[in-house]
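*Asks:* Got a structure for you, written out below as structure tokens; questions coming shortly.
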Amino acid sequence: MNHHSRQAALVALFERRGCTRVETPILQPAGLFLDLSGESVRRRLYLTQDNAGAELCLRPEHTIPVCLHHLASGRPQGDYSYLGPVFRQRGEGTGEFLQAGFESFGRADEAETDADVLSIALDGVSLVPAGEIEVTLGDMGLIEALLAALDVAPAAQRRLTRRLSSGRGLDHALSVAAQGEGSDYAGLL
Numbered sequence: 060m061n062h063h064s065r066q067a068a069l070v071a072l073f074e075r076r077g078c079t080r081v082e083t084p085i086l087q088p089a090g091l092f093l094d095l096s097g098e099s100v101r102r103r104l105y106l107t108q109d110n111a112g113a114e115l116c117l118r119p120e121h122t123i124p125v126c127l128h129h130l131a132s133g134r135p136q137g138d139y140s141y142l143g144p145v146f147r148q149r150g151e152g153t154g155e156f157l158q159a160g161f162e163s164f165g166r167a168d169e170a171e172t173d174a175d176v177l178s179i180a181l182d183g184v185s186l187v188p189a190g191e192i193e194v195t196l197g198d199m200g201l202i203e204a205l206l207a208a209l210d211v212a213p214a215a216q217r218r219l220t221r222r223l224s225s226g227r228g229l230d231h232a233l234s235v236a237a238q239g240e241g242s243d244y245a246g247l248l
């Protein structure tokens with residue numbers, strides 16, 4: 060299957076699964092990306108200004124523009140897909156590459172939604188050469204409830220939650236704590 064056939068198959072998969080295709084503008088207001096993503100993203104953005112001096116960027120990802128699209132729709136629920144170029148400076152290769160995905164908003168059954176999203180993602184990955192795939196699932200709400208039930212101090216909860224959401228896992232977060240950086244959650248160890 061060639062590159063264009065894979066793209067068409069991915070778009071068809073998203074449509075079959077009920078996702079509305081969204082094509083957002085390539086030129087985006089930079090402020091929201093900077094506010095939500097921080098300085099590490101700022102270094103990777105392609106920034107420019109319009110005639111009025113407003114800071115703009117080439118779209119670095121699709122999620123924020125698709126979220127804005129959903130909010131502007133005024134609908135309580137929506138499933139959206141996207142496939143198009145994004146632009147981020149990288150250490151090697153071109154700063155332009157394709158990103159495909161989907162977003163789901165407002166469904167009532169979170170477990171069913173999670174299962175549906177994982178199913179679509181795995182079906183989508185099967186359409187492109189990806190090598191070995193590892194899937195990691197987690198629920199930060201569960202972790203937050205556990206930390207609260209263990210009566211971990213709020214400041215320690217925030218630090219531990221931040222470390223966990225960095226994607227390195229519980230083992231890494233607790234090993235950092237064990238090295239003395241987080242003595243206020245020594246009881247958790």
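Just so we're aligned: 130 in this note's numbering is position 71 of the sequence shown, and the numbers increase by one with no gaps anywhere.
Yeah, the Cβ is synthetic: ideal placement off N, Cα and C, and Gly gets one too.
Measuring alpha carbon to alpha carbon, tell me which of Arg-101, Val-194, Arg-218 ends up nearest Arg-147.
*Replies:* Arg-101
*Asks:* Where do the N-terminal and C-terminal ends of the beta strand (DSSP E) with Leu-201 fall, by residue?
*Replies:* Per DSSP, Leu-201 belongs to no beta strand (DSSP E); it is in the alpha helix (DSSP H), 199–208.
*Asks:* On the CB-based measure, 16 or more other CB atoms within 10 Å of its CB, does Gly-62 come out buried or exposed?
*Replies:* For the record, residue 62 in the displayed sequence is His; it is not Gly. With a threshold of 16 other beta carbon atoms within 10 Å, His-62 falls short and is exposed.
*Asks:* Smallest Cα separation from Gly-137: which of Pro-144, Gly-143, Val-145, Val-125?
*Replies:* Val-125
*Asks:* Report the residue ranges of all beta strand (DSSP E) runs contained in full by the segment 147–220; include only those spanning at least 3 residues, in chain order.
*Replies:* Residue ranges of uninterrupted beta strand (DSSP E) with 3 or more members, entirely inside the segment 147–220 and ordered along the chain, are 155–164.
*Asks:* Can you name, in chain order, every residue of its own chain whose Cβ lies under 6 Å from the Cβ of Gly-77, other than the five neighbours on each side?
*Replies:* For Gly-77, the CB contacts under 6 Å within the same chain, skipping 5 residues up- and downstream, are Asp-138 in chain order.
*Asks:* Taking the straight line between their C-alpha atoms, what separation do you get for Glu-74 and Gly-133?
*Replies:* 21 Å
*Asks:* Quick check: what's the CA-CA separation for Ile-179 versus Ala-67?
*Replies:* 15 Å
*Asks:* By the three-class DSSP mapping on this structure, what secondary structure does Glu-114 have?
*Replies:* strand
*Asks:* So, with DSSP's three-state summary, where would you put Ser-242?
*Replies:* Because the pLDDT of Ser-242 is 49, which lies under 50, any placement of that residue in the model is unreliable, and the question is left without a value.
*Asks:* Using CA coordinates, which residue listed in Gly-112, Asn-110, Asp-109, Leu-93 is at the minimum distance from Arg-103?
*Replies:* Leu-93
*Asks:* Using a 10 Å radius around the Cβ and a threshold of 16 neighbouring Cβ atoms, would you call Gly-160 buried or exposed?
*Replies:* buried
*Asks:* From Gly-90 to Leu-115, what distance separates their C-alpha atoms?
*Replies:* Going by the C-alpha atoms only, they are around 8 Å apart.
*Asks:* According to the Cβ coordinates, are Arg-166 and Val-145 closer than 7 Å?
*Replies:* no
*Asks:* Just verifying my parser: in three-state terms, what is the DSSP assignment at Val-81?
*Replies:* In the three-state scheme derived from DSSP, where H, G and I count as helix and E and B as strand, Val-81 is classed as coil.
*Asks:* Report the rounded CA-to-CA distance for His-128 versus Leu-86, giving the unit in angstroms.
*Replies:* Roughly 14 Å separates the two Cα atoms.
*Asks:* Determine the closest residue to Ser-96 out of Glu-120, Ala-111, Gln-108, Ser-185, with distance taken between C-alpha atoms.
*Replies:* Selected option, being the one with the closest Cα: Glu-120.
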